[in-house]
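Numbering (UniProt numbering), first residue to last: 1 to 697.
See structure below.
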Amino acid sequence: MARRFVLPARTPEASAASGALRADLQIDYAAELNPQQLAAATASGGPTLIVAGAGTGKTRTLVYRVAYLVETGVEPDRIALLTFTRRAAREMLVRASGLLDGRCERVRGGTFHAFCVEVLRQHGEAIGLPRRFTILDQADAADVIDLVRTEKGLDSRERRFPKKRSLQRILSSAANRGMSVQEVIEEEHPHYARHADAIAELGDAFQATKRRYGLADYDDLLGLTAQLLATQEAIRKQVSGRLTHVLVDEYQDVNHVQADLVRLLASEHGNVTVVGDDAQSIYRFRGADVGHILAFPERFPGARVLKLEENYRSTQPILTLANHVLEGAREKYEKRLFTRKEGGETPGLVPCPDEEWQSRFVCELVLGTREAGVPLARQAVLFRASWCSYALEAELTRRQIPFVKVGGLKLAEAAHVKDMVAHLRVAENAADAVAWNRALLLLEGVGPRTVRKVLDWIGAQEASGADAYGLAFGADARYADSVRALAALLADLRDGRPLADQVDRLLAYYRPHFERIYDDWGRREPDLDGLADLAARYETRADLLESFALDPVDLSQEDVEGAYRDEPPLVLSTIHSAKGLEFDTVVLIDALDGVLPNEYAVKTQAELDEERRLLYVALTRAERELYVSYPASRWRRGSGGFLTRVSRFLEDTPEALLERVALVEETSGSALPPADARGAIGAGGGKGGETPKRLGP
DNA sequence: CGTCAAACCCGTGCG
DNA sequence: GGGTTTGACG
Numbered sequence: 001m002a003r004r005f006v007l008p009a010r011t012p013e014a015s016a017a018s019g020a021l022r023a024d025l026q027i028d029y030a031a032e033l034n035p036q037q038l039a040a041a042t043a044s045g046g047p048t049l050i051v052a053g054a055g056t057g058k059t060r061t062l063v064y065r066v067a068y069l070v071e072t073g074v075e076p077d078r079i080a081l082l083t084f085t086r087r088a089a090r091e092m093l094v095r096a097s098g099l100l101d102g103r104c105e106r107v108r109g110g111t112f113h114a115f116c117v118e119v120l121r122q123h124g125e126a127i128g129l130p131r132r133f134t135i136l137d138q139a140d141a142a143d144v145i146d147l148v149r150t151e152k153g154l155d156s157r158e159r160r161f162p163k164k165r166s167l168q169r170i171l172s173s174a175a176n177r178g179m180s181v182q183e184v185i186e187e188e189h190p191h192y193a194r195h196a197d198a199i200a201e202l203g204d205a206f207q208a209t210k211r212r213y214g215l216a217d218y219d220d221l222l223g224l225t226a227q228l229l230a231t232q233e234a235i236r237k238q239v240s241g242r243l244t245h246v247l248v249d250e251y252q253d254v255n256h257v258q259a260d261l262v263r264l265l266a267s268e269h270g271n272v273t274v275v276g277d278d279a280q281s282i283y284r285f286r287g288a289d290v291g292h293i294l295a296f297p298e299r300f301p302g303a304r305v306l307k308l309e310e311n312y313r314s315t316q317p318i319l320t321l322a323n324h325v326l327e328g329a330r331e332k333y334e335k336r337l338f339t340r341k342e343g344g345e346t347p348g349l350v351p352c353p354d355e356e357w358q359s360r361f362v363c364e365l366v367l368g369t370r371e372a373g374v375p376l377a378r379q380a381v382l383f384r385a386s387w388c389s390y391a392l393e394a395e396l397t398r399r400q401i402p403f404v405k406v407g408g409l410k411l412a413e414a415a416h417v418k419d420m421v422a423h424l425r426v427a428e429n430a431a432d433a434v435a436w437n438r439a440l441l442l443l444e445g446v447g448p449r450t451v452r453k454v455l456d457w458i459g460a461q462e463a464s465g466a467d468a469y470g471l472a473f474g475a476d477a478r479y480a481d482s483v484r485a486l487a488a489l490l491a492d493l494r495d496g497r498p499l500a501d502q503v504d505r506l507l508a509y510y511r512p513h514f515e516r517i518y519d520d521w522g523r524r525e526p527d528l529d530g531l532a533d534l535a536a537r538y539e540t541r542a543d544l545l546e547s548f549a550l551d552p553v554d555l556s557q558e559d560v561e562g563a564y565r566d567e568p569p570l571v572l573s574t575i576h577s578a579k580g581l582e583f584d585t586v587v588l589i590d591a592l593d594g595v596l597p598n599e600y601a602v603k604t605q606a607e608l609d610e611e612r613r614l615l616y617v618a619l620t621r622a623e624r625e626l627y628v629s630y631p632a633s634r635w636r637r638g639s640g641g642f643l644t645r646v647s648r649f650l651e652d653t654p655e656a657l658l659e660r661v662a663l664v665e666e667t668s669g670s671a672l673p674p675a676d677a678r679g680a681i682g683a684g685g686g687k688g689g690e691t692p693k694r695l696g697p
């Protein structure tokens, strides 16, 4: 290749590492890794930051690092590998085991949240958290906030007081960023400024309520662990001292609390390796701060900074486009991605007259690519928001093209599943007021007022050490029977029968309520079976509940997979959920200004930069073929307008980097707008250019 | 107090 | 299209 690549100077560690590798190692690291990867995988102790561009073998390097540590004598269970998804952790440990041996399975790998739960179950009592605390998801947390708000009488007094969902966001944001509620409101929700003090007060009451009922939301899992380690010297020494190495994946997405946790966990040994790519930081909305990866060298003095720059995933045209998109954003760690892959098609930009055309285009492209030998599962359709794919899903279903959607509604978030789970939670933790609330409201004749009475009664029972499950309070004749039935159910759930039987018993109890409450219960029914199937995989109720909170299953997955077991399905995914994945062929749909960037994320430069990085992440998922499509107009819900412009991040892209592709309909043969479009796409194999793309009616 | 239906309001991403 | 709030009624 004529292109000139500038490789960074070799760091002392790199040459030292390659020169000093022990001869007795099973794995030939130098042969299997490039020099940059080798330096990263075999770096000695101390703080290390690996800046790894998209597709540069970041996971591979981390896997080899795990294997290297184990092979050079580090006890596997004294290595913590922290990730953001369970999938990532599992995948790495399985691969490391394949590389070396089963010892790698004993590495403590998991999400930050899962790791924290473990610590809290063991040591949480030191800060007043009961061993059997219940984990709240976002909606649960919002319910608790609502409960507190009602108690404080903040709802009726003021008209424009934020609703529970907004309150939950604000309080969560404050917790994750290590800011005060007032600061968060000032920065992100200035229109609530007058309520700032009331909201802060509500936040304190929220914390108190969670502690009183033995509840912990996602933020608490991290926050309480950090608090525990920061305030209980002996426990910090014990937890950190148990470890000799801490490895963190996707470090660009850590929030304030997680960065703190990493520091605390490494405090006793200082061996902390973090891997990340500041260009792929896309979780600002949940408190992630790219500043942590940028400030790593200052936060951990003496830190090594290593870079991975050779991309093994994509062809050069795809990388060129991705790099072009990124140029508009600030990027602190200079790195230039390059590939040795030769050739490759220029990515295509596909304007479609409307959404329906877009769906047809995607279906045809996918089928054509499959004809050319690329399995459906190696192809992906990506989008900014979950709702973007609704029309496409309908078309795929109509044509019986199997697909899975990643990153949509979770099974655990569906109202009817929450109903079921509430009963299990009550059985597990008598103090779980949110679950009681949900279970009791199902009963006919019971409303918020009655729930309040029952909760008070339960509180009194608990305080006096009496049985809280008997529900022997002065039950009104209107609902006495149903309360008795509930008490009977709870007694059965608690009598120690196998989990699967508990769920059967619960289903029998719930069914009449289910059919009464939801007029569309037929459509919801498969989810209950899904829950029963899931339950069959766990030993205990506690395991099921914990997994439910920490590893939410996608709602649609079960039935779709079952229906098309013969062929692994096409992947539909939000860009967020696609991070870390790669596909032969990628189509990004709905690349409209207003969708990407989202119209509500254009106010500040920081928001806009993140949207740009999101596009970058989407583009760099593709190995060989890449298309970006958008409908010429898309109805915008709510304020009644149309989105018509292509994403601002793409609009001035030179044709050489992103080639216009015209859709041509077979019957008429006439090109659709824009009239000046030059190319036409070829179906499979990406050889296209000559043959107009044919779309069946 | 509770229920039901109609009006209302949405910011999307996730453990 | 779904969850939440409101207002009329039992």
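We put the CB at the ideal spot given by N, CA and C, even for glycine.
Asked: Coil, strand or helix - Glu309 by DSSP; Found: coil
Asked: Sub-8 angstroms separation of Val94 and Val66 beta-carbons; Found: no
Asked: Three-state class that DSSP yields for Ser629 in the structure shown; Found: strand
Asked: Gly203 classed as buried or exposed, judged by whether at least 16 other C-beta atoms fall within 10 angstroms; Found: buried
Asked: CA-to-CA distance, Ala542 to Asp501, given in whole angstroms; Found: 15 angstroms
Asked: Residue(s) in a DSSP beta bridge with Asn598; Found: Gly594, Val595
Asked: Test item: CB-CB of Leu440 and Val451 under 8 angstroms; Found: yes
Asked: Buried/exposed call for Asp432, threshold 16 Cβ in 10 Å; Found: buried
Asked: Spatial neighbours of His256 in its chain, beta-carbon cut-off 6 angstroms, leaving aside the 5 residues before and after; Found: Arg177, Gly178
Asked: Nearest residue (CA-CA) to Glu625, options Val374, Ile199, Ala391; Found: Val374
Asked: Chain-order list of residues whose beta-carbon lies under 8 angstroms from that of Leu608 (same chain, five-residue window excluded); Found: Pro597, Ala601, Val602
Asked: Inter-residue CB distance, Val184 and Ile170 (contact presumed, cutoff 8 angstroms); Found: 6 angstroms
Asked: Best match in Ala591, Leu545, Cys116 for proximity to Glu428 [C-alpha to C-alpha]; Found: Leu545
Asked: Three-state secondary structure assigned by DSSP to Ile170; Found: helix
Asked: Expected contact under 8 angstroms - CB spacing of Ile589 and Gln358 to nearest Å; Found: 6 angstroms
Asked: Sequence-distant residues of its chain with Cβ nearer than 6 angstroms to Ala175 (five each side left out); Found: Asp219, Gly223
Asked: CB-CB length for Glu659 against Gly348, believed under 8 angstroms; Found: 5 angstroms
Asked: As assigned by DSSP and simplified to three states, the class of His245; Found: strand
Asked: Cβ-based neighbour list, Gly562, same chain, cut-off 6 angstroms, excluding 5 preceding and 5 following; Found: The predicted position of Gly562 is uncertain, since its pLDDT is 44 and thus under 50; no value can be drawn from it.
Asked: Rounded straight-line distance, which links the Cα of Arg612 to that of Gln280; Found: 10 angstroms
Asked: Burial state of Ala680 (16 or more Cβ within 10 Å); Found: Note that Ala680 scores a pLDDT of 37, beneath 50, so its modelled location is shaky; the value from the coordinates is reported in the next line. By the 10 Å Cβ count, Ala680 comes out buried.
Asked: Secondary structure of Glu298, DSSP reduced to three states; Found: helix
Asked: Given Leu265 as reference, the closest of Ile135, Cys116, Leu657 once Cα atoms are compared; Found: Cys116
Asked: Range of the contiguous beta strand (DSSP E) that encloses Ser577; Found: Per DSSP, Ser577 belongs to no beta strand (DSSP E); it is in the alpha helix (DSSP H), 575 to 578.
Asked: CA nearest to the CA of Arg438, picked from Phe649, Ala141, His189; Found: Ala141
Asked: Element boundaries [alpha helix (DSSP H), containing Asp609]; Found: 605 to 619
Asked: 8 angstroms Cβ cutoff met for Trp436 and Leu424; Found: no
Asked: Close Cβ partners of Gly302 (< 7 angstroms) along its chain, the five nearest in sequence each way excluded; Found: Gly46, Pro47
Asked: Collapsed DSSP secondary structure at Ala31 in the structure displayed; Found: helix
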